Amino acid sequence: MEVYKYTKKQLRRDALNERRLYSKKFVLSKSQIISKKLADFLKNKRIKNVVSYNPINNEVQPNFFIIGNSFNIFFTKMEGKFLRIAKSKSFKKGKFSVLEPFCGIFAFKKNIDCFIVPALAVDKRGYRVGYGLGFYDKLLKNSKALKVGVCFDFQVKNFYIQEDDFDVSLDYIITEKRILKCRR
Numbered sequence: 003m004e005v006y007k008y009t010k011k012q013l014r015r016d017a018l019n020e021r022r023l024y025s026k027k028f029v030l031s032k033s034q035i036i037s038k039k040l041a042d043f044l045k046n047k048r049i050k051n052v053v054s055y056n057p058i059n060n061e062v063q064p065n066f067f068i069i070g071n072s073f074n075i076f077f078t079k080m081e082g083k084f085l086r087i088a089k090s091k092s093f094k095k096g097k098f099s100v101l102e103p104f105c106g107i108f109a110f111k112k113n114i115d116c117f118i119v120p121a122l123a124v125d126k127r128g129y130r131v132g133y134g135l136g137f138y139d140k141l142l143k144n145s146k147a148l149k150v151g152v153c154f155d156f157q158v159k160n161f162y163i164q165e166d167d168f169d170v171s172l173d174y175i176i177t178e179k180r181i182l183k184c185r186r
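Numbering-wise (my numbering), the sequence shown opens with residue 3 and increments by one.
This is the structure:
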């Protein structure tokens with residue numbers, strides 16, 4: 003694999019534009035496949051406490067099969083430049099129009115078994131490009147929890163994404179076609 007020769011900003015723009023080309027029907031049908039694979043994967047790993055996200059901009063919708071299962075599901079909530087973890091059934095639009103927990107029980111990062119992470123693009127080592135604000139890198143830093151990226155297969159790139167010192171790599175990537183164990 004070779005290194006992507008453009009900046010993360012260029013890759014982010016290209017990845018967003020590519021994902022926008024896909025229909026809601028595509029996103030929904032592939033998300034259901036990914037969500038089922040994710041639920042089976044988490045059960046296999048005996049995961050209990052999971053942090054997920056509410057999707058925006060044609061992201062994978064990961065929660066079809068994990069909600070209502072035996073997992074304790076928490077969601078991220080933006081507070082300043084950081085993400086907090088909360089368990090709630092009530093959501094409201096927060097920063098960037100992301101549905102966030104409105105109220106609920108907050109959790110400590112050390113009690114989480116797995117983080118489900120969205121990506122615009124990801125390489126096979128688990129380095130990802132998100133929206134560029136570093137929320138997930140800050141959240142995942144120093145966490146011993148499993149880090150699982152979910153994305154559509156076309157978002158897994160065959161080149162190295164340039165990583166920075168603050169980037170945190172994923173342990174696994176789940177797409178509609180495969181489950182990849184990331185190799186650093």
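Glycine included, C-beta positions come from ideal geometry on N, C-alpha and C.
Since we're looking at a predicted model, the values are computed, not measured.
{"Item": "DSSP-derived helix/strand/coil call for V170", "Value": "coil"}
{"Item": "Residue nearest to N113 in terms of C-alpha spacing, selected from K79, E81, L135 and I75", "Value": "I75"}
{"Item": "For K11 and M137, the rounded distance between their alpha carbons", "Value": "In the sequence as displayed, the identity of residue 137 is Phe instead of Met. Cα to Cα, the separation comes out at about 16 Å."}
{"Item": "Environment of L23 [buried if 16+ CB atoms lie within 10 Å]", "Value": "exposed"}
{"Item": "Bridge partner(s) assigned by DSSP for R14", "Value": "BP columns for R14 are empty, so no partner."}
{"Item": "Close-in-space but distant-in-sequence residues of the same chain around K91 (CB under 8 Å, 5 per side omitted)", "Value": "G106"}
{"Item": "Option in I175, G128 and C116 with minimal Cα separation from D166", "Value": "G128"}
{"Item": "Residues near V62 in its chain [Cβ-Cβ closer than 7 Å; skip 5 each side]", "Value": "S33, I36, P120, V152, C153 and F154"}
{"Item": "Close Cβ partners of P57 (< 6 Å) along its chain, the five nearest in sequence each way excluded", "Value": "Q63"}
{"Item": "Runs of beta strand (DSSP E) lying entirely within the region 36-108, each at least 3 residues, in chain order", "Value": "51-54, 74-81, 84-89, 93-95 and 101-103"}
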